[in-house]
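Residue numbers (my numbering): 1 to 338.
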């Protein structure tokens, strides 16, 4: 048995293995439990392992497999799906993973250390609380709109308007509806404390990271974006800055053929939260540049906005920032203002 490529279909308790030799011929199949998985891999000579980025534990398993001497590559599920043959089952999934692993042009998910995962967890937890608060505001807004009382959807407007509505005895709200809105308003206020906690944690990470301090000198990059970016490491998994921007989904979608090139809206691939932070920061840069034409960057932004409009300029600035930051991380350099 000469296993060169090994595909593992990860799950919570049961794992399916499929091994191929150098010629791509199946030479090994096994179904094992969670407790026996590491011992099973310890008995297999070092090989190239492919796993799918479809379970929250794939970074953990990647590190554990590498401790046993194996090389591990993580593949996005969308790149595995075209290689699935037959019905959906663990055996076919493991075989599809190992076949995808063998492709010479396959793109892999960059690895993350436990520290990088800690930072990512901060951002994900904070975003979850923000989404919860936003959903509560929208529900309050909808309930009041049903009674003919419109309020703005922005959090700041809702915070000011709802207490006034509850105090107004002549707006037609019943006592039961007032109690309902009051409870939802308490639920709306509660996430603020938790968001403040996560903001302080992110600020602490930002102050303690030299890389974050360097990145934050780029226009449109603040503590949240800087800490989210350093969670990807030094960017060694990306060939160049454009590859990093493409991973973030900040490049145009193509529909080209022959000598006819058609560029469409951005692909929106990759990390949605990180891409959103880049876009928000770039939007601020474009707005500030409107009233300040000093400097090469502002002049470029204003010229581009005149030709292509505000939104496309925002994406272009986000793309440029992503490339600049990749170069700074990759080469361990500071930001040089042109």
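Cβ coordinates follow ideal geometry from the N, Cα and C atoms, glycine included.
- Remark: C-beta atoms of residue 251 and residue 319 approach each other more closely than 8 angstroms.
- Approximately 42 angstroms separates the beta-carbon atoms of residue 188 and residue 242; this is outside 8 angstroms, ruling out the contact.
- Within 10 angstroms of the beta-carbon of residue 164 lie fewer than 16 other beta-carbons, which makes it exposed.
- Assignment of residue 248 by DSSP, reduced to helix, strand and coil, places it in the coil class.
- Put simply, the backbone Cα of residue 2 is about 57 angstroms away from that of residue 192.
- In the three-state DSSP reduction, residue 68 falls in the coil class, being neither helix nor strand.
- Of 50, 158, 41 and 61, the smallest CA-CA separation from residue 12 is found for 61.
- If the five residues before and after residue 273 are omitted, its C-beta is found closer than 8 angstroms to the C-beta atoms of 123, 124, 127 and 228, all from its own chain and listed in chain order.
- If you look at residue 168, you'll find it isn't in any alpha helix (DSSP H); DSSP assigns it neither H nor E.
- Among the bridge pairs identified by DSSP, residue 52 is matched with 75.
- Under the 8 angstroms Cβ criterion, the region 93-106 counts as touching the region 68-83, having at least three qualifying pairs.
- Of the candidates 294, 206 and 330, the residue whose Cα lies closest to the Cα of residue 337 is 294.
- Here DSSP, grouped into helix, strand and coil, assigns residue 9 to strand.
- The residues 313 and 316, in chain order, have a CB closer than 7 angstroms to that of residue 304 in the same chain once the five nearest residues on each side in sequence are set aside.
- Around the CB of residue 224, 16 or more other CB atoms lie within 10 Å, so the residue is classed as buried.
- The residue from 112, 41 and 184 with its alpha-carbon nearest to that of residue 141 is 184.
- Beyond the five residues adjoining it in sequence on each side, residue 55 comes within less than 6 angstroms, by CB distance, of 10 in the same chain, given in chain order.
- Linking residue 236 to residue 64 through their CA atoms gives a straight-line distance of about 21 angstroms.
- The C-beta of residue 118 has fewer than 16 other C-beta atoms within 10 Å across all chains shown, which makes the residue exposed.
- DSSP places residue 30 inside the beta strand (DSSP E), whose first and last residues are 26-33.
- Taking residue 4 as reference, the option from 34, 260 and 48 with the minimal CA-CA separation is 48.
- Using a Cβ-Cβ distance cut-off of 8 angstroms, the region 163-178 and the region 92-102 are not in contact, since fewer than three pairs of beta carbons, one from each stretch, lie closer than that value.
- By the Cβ neighbour-count rule, residue 138 is exposed, with fewer than 16 other Cβ atoms within 10 Å of its own.
- The Cβ-Cβ distance between residue 7 and residue 129 does not fall below 8 angstroms.
- Checking the DSSP bridge columns, you'll see residue 206 has no partner listed.
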